[in-house]
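**Q** Take this structure, written in structure tokens, and hold onto it; I'll ask about it next.
Numbering (this note's numbering), first residue to last: 254 to 505.
Here it is, written out as structure tokens:
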């Protein structure tokens, strides 16, 4: 049954009202991880729907509403990871143990505030630009790819906290099927997207490679906060890259 894993994935990654799965087994948990890109598609469809409905409204208002919905659906889950990683990156230079300690601290430092603020500003600007250029389809692909990149990082990189919530997810996910889903997600973008968006897909893949290399070099692996950060940053890298190539293609 796909129902329980789907509810698990939606319940973890979104604030949508879904049935609670009591005492899921490892197979259900593993399958739920494979559905992360599908969760991104659900988010993307909702964002596209609001973008189309609000298109006649003033650009900044429409963009703000889309961003608000994005935050409301996800509950800021991945933004928290981005903030924690930013604090750890600045405060634990050269000391992986210190970085892990900082990421466990619930307090929000200056680096976290700056990282989250800049992330929201970049997303708001990107949403406003894509609405002006009338390419709301980017709002569908962005959350899909963000969660596909998160899945790829889980499959390819050691997890550092045996006691962490994501440790179970990384341990039980079916890896061969996971990589197949990631390839199929990229293939979907290639099949449905305009040629310029393929360049944005390439930039997102390049970002994943660099981000993973940096995490291995600085931390030696990943944590749940790192997974949240890579999801957020991948979404924004894709949006900004696609808009940059669209601007170049139009002569702007």
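Ideal placement from N, C-alpha and C gives every residue a C-beta, glycine not left out.
Being a predicted model, the structure only gives us computed values, none of them experimental.
Whose C-beta lies closer than 6 angstroms to the C-beta of residue 343 among residues of the same chain, with five residues either side of it excluded?
**A** Closer than 6 angstroms at the Cβ level, and outside the excluded window around residue 343, lie 364.
**Q** Could you tell me the distance, in whole angstroms, from the CA atom of residue 296 to the CA atom of residue 492?
**A** If you take the alpha carbons of residue 296 and residue 492, they lie about 15 angstroms apart.
**Q** By a C-beta neighbour count over all protein chains shown, 10 Å radius and 16 as the cutoff for buried, is residue 487 buried or exposed?
**A** The residue in question, residue 487, is buried, as its Cβ has 16 or more Cβ neighbours within 10 Å.
**Q** In whole angstroms, give me the CA-to-CA distance for residue 358 and residue 448.
**A** The alpha-carbon atoms of residue 358 and residue 448 are separated by roughly 43 angstroms.
**Q** On a CA-only basis, which of 284, 377, 279 is nearest residue 262? Give me that one, please.
**A** Cα-wise, what sits closest to residue 262 is 284.
**Q** Taking a contact to mean a Cβ-Cβ separation below 8 angstroms, would you say residue 472 touches residue 406 in this structure?
**A** Cβ distance not < 8 angstroms, so residue 472 and residue 406 don't count as in contact.
**Q** How about the segment 456 to 465 and the segment 306 to 315: do they share at least three Cβ pairs that are nearer than 8 angstroms?
**A** Verdict: no, contact absent.
**Q** Using the three-state DSSP reduction, which class does residue 282 fall into: helix, strand or coil?
**A** Note: residue 282 maps to helix in three-state DSSP.
**Q** Spatial neighbours of residue 456 within its chain, please: CB distance less than 8 angstroms, with the 5 preceding and 5 following residues excluded, ordered by chain position.
**A** 490, 491, 494.
**Q** Using only CA atoms, which one of 275, 470, 485 lies nearest to residue 411?
**A** Nearest of 275, 470, 485 to residue 411, Cα basis: 470.
**Q** Please classify residue 435: does DSSP put it in a helix, a strand, or coil?
**A** Residue 435 falls in the helix class under three-state DSSP.
**Q** Can you give me the Cβ contacts of residue 426 inside the same chain, cut-off strictly under 6 angstroms, excluding the 5 residues immediately before and after it?
**A** Excluding positions up to five away in sequence, the list reads 283, 286.
**Q** Using DSSP with H/G/I as helix, E/B as strand and the rest coil, what is residue 388?
**A** Coil, per DSSP.
**Q** So what does DSSP say about residue 369, is it helix, strand or coil?
**A** DSSP places residue 369 in helix when its eight states are reduced to three.
**Q** Nearest by alpha-carbon distance to residue 381: which of 401, 310, 330, 368 is it?
**A** For residue 381, the nearest C-alpha among the options comes from 310.
**Q** Locate the alpha helix (DSSP H) running through residue 479, then write down its first and last residues.
**A** Element bounds for residue 479: 477 to 502.
**Q** Going by Cα to Cα distance, which pick from 303, 322, 399 is closest to residue 293?
**A** Among 303, 322, 399, the Cα nearest to that of residue 293 belongs to 399.
**Q** Name the DSSP beta bridge partners of residue 289, please?
**A** The partner list for residue 289 (beta bridge, DSSP) is empty, contrary to what the question assumes.
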